[in-house]
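Colleague: Residue numbers (the working numbering): 31 to 583.
Please read through the structure below; I'll follow up with questions.
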Ligand code: G6Q
């Protein structure tokens with residue numbers, strides 16, 4: 031296949047962008063009174079408004095042509111069919127099988143994976159039921175009151191984000207913690223808050239070789255056995271979630287306490303697998319399965335809806351439009367919901383680890399078009415008092431997703447209307463802007479003298495036409511959250527297809543890991559740091575000299 035910038039649609043998109051560069055979003059609304067209706071997509075209670083974008087029908091047609099020329103339909107089918115589309119690791123990409131709630135088999139390497147998937151879901155149910163009902167007893171006979179997930183990256187970000195989002199569903203007598211960082215301060219802070227006798231550690235690691243997770247797991251084991259005075263306590267307080275049974279056994283976790291998943295589940299897509307155990311402990315297995323059902327509904331929609339009605343495809347193509355034709359380098363995710371506070375961090379990994387690539391499928395360097403954007407964000411309204419200044423008046427174009435939930439889970443009067451009003455106000459302000467004339471008129475109305483009006487007015491101008499999508503959910507439930515996450519996963523997939531990159535490997539994280547291995551030795555031993563660039567060598571020397579100068583703890 032030709033490179034994307036040589037495919038049908040690409041040049042038309044360039045031309046369209048040039049045409050639209052001087053057309054404001056307000057003008058687009060004026061030109062088409064039906065714009066909101068035509069560019070709002072609904073999926074059950076999910077309301078997605080794509081009308082505040084700098085795009086017209088001709089550009090949409092060209093984007094759809096680009097999707098066709100990129101064989102998007104075929105690529106979607108190949109993913110769902112279990113082909114080894116992760117070409118560099120020679121793996122299938124089947125997180126969708128984990129949430130396949132239909133009777134359809136999913137065949138990978140000539141075998142239907144669904145019986146194994148259902149089997150592991152059943153084991154997850156057994157375990158979480160035992161924990162939640164108090165049947166699972168710790169070494170000294172106490173029920174479990176704290177679950178601590180030790181994992182990092184894909185084995186942390188998804189479960190952590192979902193647990194926070196669904197906190198209102200947690201039972202009163204169980205608390206779930208997530209510890210990821212190798213910085214001992216992270217684990218230490220959690221250990222201070224829990225009681226060894228009633229704590230269950232979940233060691234979540236696909237490979238069971240990850241430095242951070244194993245370091246934390248060893249420290250947790252030591253802490254526990256010291257507290258309980260018996261190595262045998264590990265059997266009642268440690269569960270492993272992994273694909274690597276051998277390493278789990280070596281660590282000393284009973285195979286009966288191990289939940290499995292498979293190499294066709296990518297780390298950052300593993301939330302739906304047994305890696306979601308902390309979520310299931312927090313909200314119960316029925317609700318965990320509701321989340322799977324929500325994601326499955328989006329899978330079905332993604333596979334079958336025409337491009338113009340297809341939510342993930344629409345989100346993806348808008349991202350292509352801005353990244354490749356408007357020069358947008360980043361994308362903001364702005365949940366106006368405190369429960370979704372970890373959504374931006376989670377999406378950063380899903381998006382940036384998947385599409386932060388500089389070579390195409392066949393290993394050719396990509397030099398003529400941009401790939402994945404920088405994804406960032408914070409919950410509103412906090413962001414408004416921090417970085418929104420740049421969104422409104424900075425020199426960069428930053429498309430943003432505003433996400434809000436209509437019903438809160440708390441009973442505090444007055445808060446939620448304020449939250450929702452701010453969400454709508456911000457996207458309106460970004461689209462509408464404020465002209466110099468309007469700024470002048472406001473200042474004159476405030477009674478300022480003419481020279482102050484002229485001096486201040488330019489600072490109060492908002493260019494407007496800053497593009498946003500608004501996603502509204504009725505309620506934040508396991509099902510609606512499952513849908514929301516699946517939307518973004520598929521968005522990232524579609525963009526990877528258009529950019530012709532492998533969205534499912536992550537070789538870019540390897541080099542730093544290798545170097546950290548050597549550096550750990552150098553910091554611990556007295557070996558001369560002689561294999562580094564001059565800056566790093568000097569940093570090693572400096573750290574060692576400072577440590578040597580410090581009194582022993
Ligand atoms: C995700 C990545 C990465 C991975 C972590 C943890 O797609 O592969 O974030 O999840 O490095 O790996 P383990 O689960 O093997 O510990």
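Note that the Cβ used here is the ideal one computed from N, Cα and C, for glycine as well.
Would residue 276 be called buried (16 or more neighbouring beta carbons within 10 Å of its own) or exposed?
Modeller: One-based indexing of the chain shown puts residue 276 at position 246. Residue 276 is exposed by the Cβ-count criterion.
Colleague: What's the call for residue 382, buried or exposed, on a 16-neighbour Cβ count within 10 Å?
Modeller: Against the chain shown, residue 382 aligns to sequence position 352. That one is buried.
Colleague: Find the nearest neighbour of residue 145 within the set 263, 127, 83, 156, judged by alpha-carbon distance.
Modeller: Within the chain shown, the letter at position 115 stands for residue 145. Among 263, 127, 83, 156, the Cα nearest to that of residue 145 belongs to 127.
Colleague: Just to check, is the beta-carbon of residue 387 closer than 7 Å to a non-hydrogen atom of ligand 1?
Modeller: Sequence index remark: in the chain shown, residue 387 carries index 357 (1-based). Result no, Cβ not under 7 Å from ligand 1.
Colleague: Counting only the same chain and skipping the five closest in sequence on each side, list residues whose C-beta sits under 7 Å from that of residue 423.
Modeller: Numbered from 1 along the chain shown, position 393 holds the residue referred to as residue 423. Cβ neighbours of residue 423 beyond the five flanking positions: 492.
Colleague: For the 8 Å Cβ check, are there 3 or more pairs between the segment 160-170 and the segment 226-239?
Modeller: yes
Colleague: Which of the three DSSP states, helix, strand or coil, is assigned to residue 270?
Modeller: As a working note, residue 270 is residue 240 in the chain shown. Note: residue 270 maps to strand in three-state DSSP.
Colleague: Short check: CB of residue 391 to CB of residue 252, under 8 Å?
Modeller: By one-based count along the chain shown, residue 391 stands at place 361. By one-based count along the chain shown, residue 252 stands at place 222. No. Outside cutoff.
Colleague: Tell me, please, which residues DSSP counts as bridged to residue 366.
Modeller: Counted from its first residue, the chain shown places residue 366 at position 336. Paired residues: 434.
Colleague: Check each candidate in 263, 412, 484, 350 and name the one with the smallest Cα separation from residue 468.
Modeller: Here the question's residue 468 lines up with position 438 in the chain shown. If we check each option's Cα against that of residue 468, 484 comes out closest.
Colleague: Using the C-alpha atoms, what's the distance from residue 320 back to residue 409?
Modeller: Counted from its first residue, the chain shown places residue 409 at position 379. Counted from its first residue, the chain shown places residue 320 at position 290. Answer to the nearest angstrom: the Cα atoms are 25 Å apart.
Colleague: Can you find the residues in the same chain that come closer than 6 Å, C-beta to C-beta, to residue 459, ignoring five residues on each side of it along the sequence?
Modeller: Locating residue 459 in the chain shown gives position 429, where the first residue counts as 1. Here the set comprises nothing.
Colleague: Inspect the beta-carbon positions of residue 356 and residue 47 and report whether they are closer than 8 Å.
Modeller: Taking the first residue of the chain shown as 1, we reach residue 356 at position 326. Taking the first residue of the chain shown as 1, we reach residue 47 at position 17. In contact: residue 356 and residue 47 (Cβ atoms closer than 8 Å).
Colleague: Can you give, in chain order, each stretch of the beta strand (DSSP E) that sits fully within the segment 375-429 and has at least 3 residues?
Modeller: 404-406
Colleague: Would residue 71 pass as a contact of residue 81 if the rule is Cβ separation under 8 Å?
Modeller: Residue 71 sits at position 41 when you count from the first residue of the chain shown. Residue 81 sits at position 51 when you count from the first residue of the chain shown. In this structure, residue 81 does not lie closer than 8 Å to residue 71 by Cβ.
Colleague: Rank 233, 214, 160 by C-alpha distance to the C-alpha of residue 189 and give the top, closest one.
Modeller: On the chain shown, residue 189 is found 159 positions in, with the first residue counted as 1. Nearest option by C-alpha distance: 233.
Colleague: Considering only residues of the same chain and omitting the five flanking positions on each side of residue 136, which have a CB-CB separation below 7 Å?
Modeller: Against the chain shown, residue 136 aligns to sequence position 106. Excluding residues within five positions, the ones whose Cβ falls inside 7 Å are 112, 124, 127, 130, 142, 143, 144.
Colleague: Tell me the residue span of the beta strand (DSSP E) that contains residue 72.
Modeller: Position 42 of the chain shown, counting from 1, holds the residue named residue 72. For residue 72, the enclosing beta strand (DSSP E) starts and ends at 70-73.
Colleague: Within this structure, are the beta carbons of residue 528 and residue 97 separated by less than 8 Å?
Modeller: Taking the chain shown and counting its residues from 1, one reaches residue 528 at position 498. Taking the chain shown and counting its residues from 1, one reaches residue 97 at position 67. Cβ atoms of residue 528 and residue 97: closer than 8 Å.
Colleague: Per DSSP, what are the beta-bridge partners of residue 518 in this structure?
Modeller: As a position in the chain shown, residue 518 is number 488, starting the count at 1. Note: residue 518 sits in no beta bridge, so no partner.
Colleague: Following the continuous alpha helix (DSSP H) through residue 313, name the residue where it begins and the one where it ends.
Modeller: Taking the first residue of the chain shown as 1, we reach residue 313 at position 283. Unbroken alpha helix (DSSP H) run through residue 313: 307-313.
Colleague: For ligand 1, is there a heavy atom less than 7 Å away from the beta-carbon of residue 298?
Modeller: Counting from 1 along the chain shown, the entry for residue 298 is found at position 268. True, at least one ligand heavy atom lies under 7 Å from that Cβ.
Colleague: Just the C-alpha distance for residue 563 and residue 521, rounded to the nearest angstrom, thanks.
Modeller: Working through the chain shown from its first residue, we reach residue 563 at position 533. Working through the chain shown from its first residue, we reach residue 521 at position 491. So the alpha carbons of these two residues sit roughly 39 Å apart.
Colleague: Which of the three DSSP states, helix, strand or coil, is assigned to residue 76?
Modeller: Numbered from 1 along the chain shown, position 46 holds the residue referred to as residue 76. Looking at residue 76 - three-state DSSP - the assignment turns out to be strand.
Colleague: Sorted by chain position, which residues of the same chain lie with C-beta nearer than 8 Å to residue 368's C-beta, five sequence neighbours on each side aside?
Modeller: Your numbering for residue 368 matches position 338 in the chain shown. Same-chain partners within the cutoff: 409.
Colleague: For my contact list, residue 508 and residue 257 are in at a C-beta cut-off of 8 Å; report their separation, rounded to the angstrom.
Modeller: Mapped onto the chain shown, residue 508 falls at position 478. Mapped onto the chain shown, residue 257 falls at position 227. Contact doesn't hold; Cβ gap of about 34 Å is too wide.
Colleague: Helix, strand or coil: which one does DSSP assign to residue 83?
Modeller: As a first step, residue 83 must be located in the chain shown, where it is residue number 53. It is coil, neither helix nor strand.
Colleague: Give me the Cα-Cα distance between residue 182 and residue 312, rounded to the nearest whole angstrom.
Modeller: Here residue 182 corresponds to residue number 152 of the chain shown, with the count starting at 1. Here residue 312 corresponds to residue number 282 of the chain shown, with the count starting at 1. Roughly 19 Å separates the two Cα atoms.
Colleague: Tell me whether residue 58 sits in a helix, a strand or coil according to DSSP, three-state version.
Modeller: Working through the chain shown from its first residue, we reach residue 58 at position 28. Here residue 58 sits in helix by DSSP.
Colleague: Given the structure, does residue 85 come close to ligand 1, in the sense that its CB is under 7 Å from one of the ligand's heavy atoms?
Modeller: Looking up residue 85 in the chain shown gives position 55. Checking every heavy atom of ligand 1 against the Cβ of residue 85, none is found closer than 7 Å.
Colleague: Can you tell me whether residue 120 sits near ligand 1, meaning its C-beta is under 7 Å from at least one heavy atom of the ligand?
Modeller: Here residue 120 refers to the residue found at position 90 of the chain shown. No, the Cβ of residue 120 stays beyond 7 Å of every heavy atom of ligand 1.
Colleague: Please state whether DSSP places residue 344 in a helix, a strand or coil.
Modeller: Counting from 1 along the chain shown, the entry for residue 344 is found at position 314. Helix.
Colleague: Does the segment 346-362 come close enough to the segment 385-400 that 3 or more CB-CB pairs lie under 8 Å?
Modeller: yes
Colleague: In the segment 165-246, which residue ranges form an unbroken alpha helix (DSSP H) of at least 4 residues, counting only runs that do not cross its ends?
Modeller: 187-195, 214-221
Colleague: Could you tell me which of 206, 393, 349 sits nearest to residue 310, measuring between CA atoms?
Modeller: Translated into the one-based positions of the chain shown, residue 310 becomes position 280. Checked all of 206, 393, 349; the closest Cα to residue 310 is 206.
Colleague: Based on DSSP bridge pairs, tell me the residues matched to residue 492.
Modeller: Locating residue 492 in the chain shown gives position 462, counting from the first residue. Its beta-bridge partners are 464.
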